[in-house]
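Everything in the sequence shown is counted per the numbering used here, starting at 81 for the first residue and increasing by one.
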Amino acid sequence: MTEIGNHQRAASSEQRPLSKSAIDFSLEFHFPFDMGYWSETRAWLLRDPAKLIRYLVLFACSIVVIVQLYECFAKLYNPPISTHSYYNLNDTIEMPAITICREPPYREEVLTNLSGGYCPHPKYATCWMNYPFGEVSLDEFFENATHDISDTFVLYGLNGDKNNLEIDSSLHFYMGRCHTLRPKAPTKRVSKSVGYSLMVEHARSTTSTSDVDTGGTGWHVFIHDKRENFTEINMKGSGRVEYVFVNINEEIEIKLQSQYFSNVETRDVPCSSDEGYSDLKCGDYCIWQDLADESKCSGPWMHQIVNEPCNDTLSMRNLISDYKEVYENEDDFECDCILPCQSRIYTTFIQSRKAFNQPEPRSLIYVYYTTKLISMIEERPSYDTTQFIADVGGSLGFLLGLSVLGLIGILEHMTLFFCGGFIKRMQQKEQSKLGEPSEDGQSQTSDETIDVATVYKKKSTN
Numbered sequence: 081m082t083e084i085g086n087h088q089r090a091a092s093s094e095q096r097p098l099s100k101s102a103i104d105f106s107l108e109f110h111f112p113f114d115m116g117y118w119s120e121t122r123a124w125l126l127r128d129p130a131k132l133i134r135y136l137v138l139f140a141c142s143i144v145v146i147v148q149l150y151e152c153f154a155k156l157y158n159p160p161i162s163t164h165s166y167y168n169l170n171d172t173i174e175m176p177a178i179t180i181c182r183e184p185p186y187r188e189e190v191l192t193n194l195s196g197g198y199c200p201h202p203k204y205a206t207c208w209m210n211y212p213f214g215e216v217s218l219d220e221f222f223e224n225a226t227h228d229i230s231d232t233f234v235l236y237g238l239n240g241d242k243n244n245l246e247i248d249s250s251l252h253f254y255m256g257r258c259h260t261l262r263p264k265a266p267t268k269r270v271s272k273s274v275g276y277s278l279m280v281e282h283a284r285s286t287t288s289t290s291d292v293d294t295g296g297t298g299w300h301v302f303i304h305d306k307r308e309n310f311t312e313i314n315m316k317g318s319g320r321v322e323y324v325f326v327n328i329n330e331e332i333e334i335k336l337q338s339q340y341f342s343n344v345e346t347r348d349v350p351c352s353s354d355e356g357y358s359d360l361k362c363g364d365y366c367i368w369q370d371l372a373d374e375s376k377c378s379g380p381w382m383h384q385i386v387n388e389p390c391n392d393t394l395s396m397r398n399l400i401s402d403y404k405e406v407y408e409n410e411d412d413f414e415c416d417c418i419l420p421c422q423s424r425i426y427t428t429f430i431q432s433r434k435a436f437n438q439p440e441p442r443s444l445i446y447v448y449y450t451t452k453l454i455s456m457i458e459e460r461p462s463y464d465t466t467q468f469i470a471d472v473g474g475s476l477g478f479l480l481g482l483s484v485l486g487l488i489g490i491l492e493h494m495t496l497f498f499c500g501g502f503i504k505r506m507q508q509k510e511q512s513k514l515g516e517p518s519e520d521g522q523s524q525t526s527d528e529t530i531d532v533a534t535v536y537k538k539k540s541t542n
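Here it is, written out as structure tokens:
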């Protein structure tokens, strides 16, 4: 009976429900960390709520400082560019280059004779239907059909002397052979007598075969920077060339004004400062190479192209057709040619145009300055290291209250925090070395210093 009663009491005690105190103890046992964390946080906030406000303001100011520092570093890496415009009165002034192309550009009788068919201009298909490709080379065909310097100039000079000029010729498909005059040195005076004076001669003709509507025969005059080489494709759309057409038996005076542009090379927009670099010539070479690769041959006007010259009617007509499409297209051709860092643009004003009464078909051209005043337009970086330091110091000082001395203190604390253990071990190592006995049994530490007056007092007492 005793064993049975004990067993029943044990079973009844196991099935008895938990009391309220036991449930509270269980909850407290399972969630001690959560309840303790929030209670401590609430107690900390109630004890010093101003500290929370200070931390929130500090956090917001830190975010603003990070954003401002990012902007400062971005401007220092890629500084913004500002444009400055002013006028400059120079002691000397640079004359432009002048390129003169004849109109009509070709000798019709020579073209017809060499091609074996009617040929006023190589752009016509009749020039290539019966062309003897195996007998007459294309170089000979274009060389004999164009006009050289002696056929164009009667007199030419700068400041009354032709030795002040350099003259060279270049072959083009539509313009024929053009002649470019460049000054050898800047001029010190400005007037009509020290500028360009050109007398050009023409073989009278009434047929205009170029794509420029001039209303008659004469000369195409292009005024451009002497660093630029004349090109018939890119020159007309570059915006850096002045153009004047001069008729036969005409005397014309052209006044010049000059604008100087200086660009800053950036990471996004590079430019070239090379003296002999011409972006227009680079564009021409890019177009020629693309056309030559498409047609599998080249023409005599396509300089420095390594492809073989066209040797049959079909390939020549295909090349001319593709070239015409590019020449008449107003859109820019995609080429990887960077712009020059320095360039000049010349503005022309026609001072006078009047008849030049000569028995020969000649014309007289004057090109000159009337002032040394030049319009200068320069690009300059508008953000440098000095402004970067000022912006960073202003942001840190205004938003975080930091200064140079404060930064030094922060660096000291960071050094001690990260390297404190290593520094302490080094100091202990040095102290242990100083405390070791030397070879003669004496300590390496220095003896204590005794005041001389104290020693003297002791002696007198004795």
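Don't be surprised by glycine CBs; every beta carbon is placed ideally from N, CA and C.
C-beta contact flag for residue i and residue j at 7 Å
i    : j    : result
H304 : V326 : no
S475 : V145 : yes
V301 : I430 : no
V69  : N239 : Outside the displayed span of the chain (81 to 542) sits residue 69, for which this structure offers no information.
K452 : V270 : yes
R187 : A225 : yes
T232 : K335 : no
S375 : C421 : no
Y463 : P159 : yes
C152 : F468 : yes
V344 : E459 : yes
D402 : L371 : yes
Environment of residue i [buried if 16+ CB atoms lie within 10 Å]
i    : result
H55  : Since the displayed the chain opens at 81 and closes at 542, residue 55 lies outside it and no answer follows.
N86  : Unreliable positioning characterises N86 in this predicted model, as indicated by a pLDDT of 46, which lies under 50. The coordinate reading is nonetheless provided below. That one is exposed.
P184 : buried
H164 : exposed
G319 : exposed
M382 : buried
H282 : buried
M255 : buried
I143 : exposed
T311 : buried
T541 : Annotation note: pLDDT 48 at T541 (below 50); position unreliable, no value reported.
C390 : buried
L138 : exposed
R257 : buried
L485 : exposed
Nonlocal neighbours in the same chain, by C-beta distance under 6 Å from residue i, ignoring five residues either side
i    : result
E408 : none
L235 : M279
T172 : P266 and K268
C415 : G363 and C366
Y166 : M456
E330 : F436 and S443
N309 : S358 and K361
Start and end residues, beta strand (DSSP E) containing residue i
i    : result
R460 : L453 to P461
T179 : A177 to E183
K335 : E330 to S342
Y166 : I161 to L169
I445 : R442 to Y449
Residues near residue i in its chain [Cβ-Cβ closer than 7 Å; skip 5 each side]
i    : result
R397 : A205 and W208
G197 : T206, C207, M209 and N210
Boundaries of the alpha helix (DSSP H) in which residue i is found, first to last residue
i    : result
I146 : P129 to Y157
D373 : D359 to S375
E246 : E246 -> not in any alpha helix (DSSP H); beta strand (DSSP E) instead, spanning L245 to H252.
F413 : Here F413 belongs to no alpha helix (DSSP H), and DSSP marks it neither H nor E.
Y403 : T393 to E408
I229 : I229 to T232
Option nearest residue i by Cα separation, candidates the options
i    : options                   : result
N387 : C377, W381 and S395       : C377
Y446 : G489, K434 and Q438       : K434
I425 : E345, P439, I143 and S338 : S338
Y157 : C499, C199, R347 and Y276 : R347
L191 : L218, N170, N168 and G214 : L218
D241 : S277, T393, S250 and E223 : S277
N168 : V137, P389 and I454       : I454
Own chain partners of residue i with C-beta closer than 8 Å, once the 5 adjacent residues on each side are dropped
i    : result
K306 : E174, M175, P176, A177, R262 and P263
Any non-hydrogen atom of the ligand ZN within 6 Å of residue i CB
i    : result
K264 : Among the components of this structure there are no ligands whatsoever, and the ligand ZN is therefore not found.
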